[in-house]
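Everything on this sheet refers to the single structure shown next.
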Amino acid sequence: MIERTEYLEDLKNWKDKDLIKVVTGIRRCGKSTLFELYIEYLKQLGIKEDHIIFINLESPEYDFNDYKELYNYVNSKIKDKDMYYVFLDEVQVVKDFEKAVDGLYIKKNVDEYITGSNAYLLSGELATLLSGRYIELKMLPLSFKEYVRFYNQEGDEKLYLKYINNSSMPYAVKLDSQDEIDLYLDSIYNTIIVKDIATRKKISDTGILRSISEFMFASIGNLLSIKKIADTLTSNGRKISAHTVESYLNALVESFIFSKVPRYDIKGKQYLQSGEKYYATDVTMRYAILGRKNMDLGYVLENIVYLELIRRGYKVYVGKSEDKEIDFMAENSKGIQYFQVAYTVRDEKTLTRELTALESINDHYPKYILTMDVDPEVDYNGIRKINVLDWLLEKE
357 MIERTEYLED LKNWKDKDLI KVVTGIRRCG KSTLFELYIE YLKQLGIKED
407 HIIFINLESP EYDFNDYKEL YNYVNSKIKD KDMYYVFLDE VQVVKDFEKA
457 VDGLYIKKNV DEYITGSNAY LLSGELATLL SGRYIELKML PLSFKEYVRF
507 YNQEGDEKLY LKYINNSSMP YAVKLDSQDE IDLYLDSIYN TIIVKDIATR
557 KKISDTGILR SISEFMFASI GNLLSIKKIA DTLTSNGRKI SAHTVESYLN
607 ALVESFIFSK VPRYDIKGKQ YLQSGEKYYA TDVTMRYAIL GRKNMDLGYV
657 LENIVYLELI RRGYKVYVGK SEDKEIDFMA ENSKGIQYFQ VAYTVRDEKT
707 LTRELTALES INDHYPKYIL TMDVDPEVDY NGIRKINVLD WLLEKE
């Protein structure tokens, strides 16, 4: 198993706290493995095996008809007043699961952990029923830092290209060829389309859903609007309403295939209503679906930087400064940082464009240009140009 050190430490920190630990993320990103690693940690602490209850709810072994059967099964395992650690993996498959989760939560000797592969898990009854009583840990596939740690190699451009070509999904490191990886990613994608979206949304024609998804993979890093997507698909022979596009796109985001990044007017200090960007949770899935021709390494790098900012706990926006676009405005409790991302800025025009965008911002928060160029770090009147691999590995 690949150790997911940062996520494991998060779970350790929340152990025995009176909150439900909810781990969300795209299918096969490592949620179940994280639970296995955490269970091993509990055993090392001396927790008895019969006080650790792990249930994979997608296994035929646990084919519960409703929440009552799930609750009664777990409750039957609780024999004394000592603390029990209950893990419910892919809990969303059980009808009215939130009632079982709530019932277990109110027991004083249950420390509860659940996973789900759909953001809908926290957007419906569970959020209402358990408001203020859960903590969400958002899990992503392997970061470049984790990838380097697994291979125990130099984190150079060669390994980075392997990372974006061979997938950040943990199991992909065990596969031998790009063909195998593409088949594996395609199977994950089809499971999400059919099981997590079409079945839940009662969509009979998945063709349009796939068309929207393919359009989004092809448009990573571009400013988009619902109307633009609908108009483009209609002009390509897939007549579709803006309402349908919005509904299906929300479902794709809820299933963690894509993330939606809103725009923010830095000078006007307001959110903008249109022109969002979307990024893929695993950039290699884009190749598996669309093929490997016309790979724009600049947009792929931008995607990788976005995911890393999310891992580090930032709220991320696409910035607008006058008529300039700022790739990322990242905010946390310590303040704001601005980022421009370019594969290379050795061309003077490209460097000038990136600098001009950041120079148009009228505040004193840190500003960075992240690039694959292997050059000494340069400071342009407070704007730092940094090698992006060093930044991803937190060397700077």
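Sequential numbering from 357 applies to the sequence shown in the numbering used here.
The beta-carbon is built from N, C-alpha and C at its ideal position, and this holds for glycine as well.
A quick note: this is a predicted structure, and the numbers were derived from the prediction, not measured.
Per DSSP, Ser543 has no beta bridge partner at all.
The beta carbon of Leu390 lies closer than 6 Å to those of Arg360 and Tyr363 in the same chain, with the five residues before and after it left out.
Judged by DSSP secondary structure, Lys494 falls within the beta strand (DSSP E) whose first and last residues are Tyr490 to Lys494.
If you look at Leu444, you'll find it in the beta strand (DSSP E) that goes Tyr440 to Asp445. For the pair Leu605 and Ser611, the Cα-to-Cα distance works out to about 10 Å. By the criterion of a C-beta distance shorter than 8 Å, Tyr635 is surrounded in its chain by Ile576, Gly577, Phe614, Ser615, Val617, Glu658, Asn659, Tyr662 and Leu663, once the five residues flanking it on both sides are discounted. As computed with DSSP, Ile564 is found in no beta bridge at all. In the pairwise beta carbon analysis, the stretch 398-408 is classified as not touching the stretch 535-545: fewer than three pairs are separated by under 8 Å. Of the residues assessed, Met357 falls on the exposed side of the cut-off, its CB having fewer than 16 other CB atoms within 10 angstroms. Using a Cβ distance threshold of 8 Å, Ile470 and Leu375 do not count as a contacting pair.
Taking Ala586 as reference, the option from Ala598, Gly593 and Leu580 with the minimal CA-CA separation is Ala598. In the same chain as Ser591, and ignoring 5 residues on each side of it, no C-beta atom comes closer than 7 Å to its own. Counting only residues of its own chain and dropping the five nearest sequence neighbours on each side, Ser567 has a CB closer than 7 Å to the CB of Leu589 and Arg594. Around the beta-carbon of Asn546, fewer than 16 other beta-carbon atoms lie within 10 Å, marking it exposed.
Distances from the alpha-carbon of Glu710 to those of Gly459, Tyr724, His720 and Ala483 put Tyr724 closest. Contact between the stretch 644-653 and the stretch 681-689 is absent, with fewer than three C-beta pairs closer than 8 Å. In this structure, Tyr441 and Ile408 form a Cβ contact; the two beta carbons are roughly 5 Å apart against a cut-off of 8 Å. Just measuring C-alpha positions, the residue of Glu446, Gly738, Thr727 and Met495 sitting nearest Asp512 is Thr727. Here Val450 carries a coil assignment [DSSP, helix/strand/coil]. Non-local C-beta neighbours of Val734 in its own chain, meaning closer than 8 Å and more than five positions away in sequence, comprise Arg740 and Lys741, ordered along the chain. In the structure shown, Phe612 falls within a coil segment according to DSSP collapsed to helix, strand and coil. Within its own chain, the residues whose Cβ lies closer than 8 Å to the Cβ of Glu750, once the five positions on either side in sequence are excluded, are Lys501, listed in chain order. Contiguous alpha helix (DSSP H) elements confined to the stretch 368-453 occur at 387-400 and 423-433, taking only those with 4 or more residues.
Within the stretch 499-542, the complete alpha helix (DSSP H) runs of at least 4 residues fall at 500-507 and 513-522. Pairing Glu446 with Ser479 gives a Cβ-Cβ distance that is not under 8 Å.
In the DSSP annotation of this structure, Ile742 is not part of any alpha helix (DSSP H); the continuous beta strand (DSSP E) holding it starts and ends at Ile739 to Asn743. A residue is called buried once 16 or more other Cβ atoms fall within 10 Å of its Cβ, and Val601 is buried on that count.
Straight-line measurement puts the Cα of Val672 at about 10 Å from the Cα of Gln693. The C-beta distance from Met572 to Leu608 rounds to 7 Å, short enough to fall under 8 Å. Of the residues Pro722, Lys676 and Asp729, the one whose Cα lies closest to the Cα of Arg702 is Asp729. Per DSSP, reduced to three states, the secondary structure at Arg556 is helical. Ala475 is positioned such that its CB atom lies no closer than 8 Å to that of Leu426. Distance from the CA atom of Val550 to the CA atom of Asp366, rounded to whole angstroms, is 32 Å.
A distance below 8 Å separates the beta carbons of Ser524 and Pro497. Membership of Ala698 in the beta strand (DSSP E) is indicated by the continuous run Gly691 to Ala698. Residue state for Leu364 is assigned as helix, using DSSP reduced to three classes.
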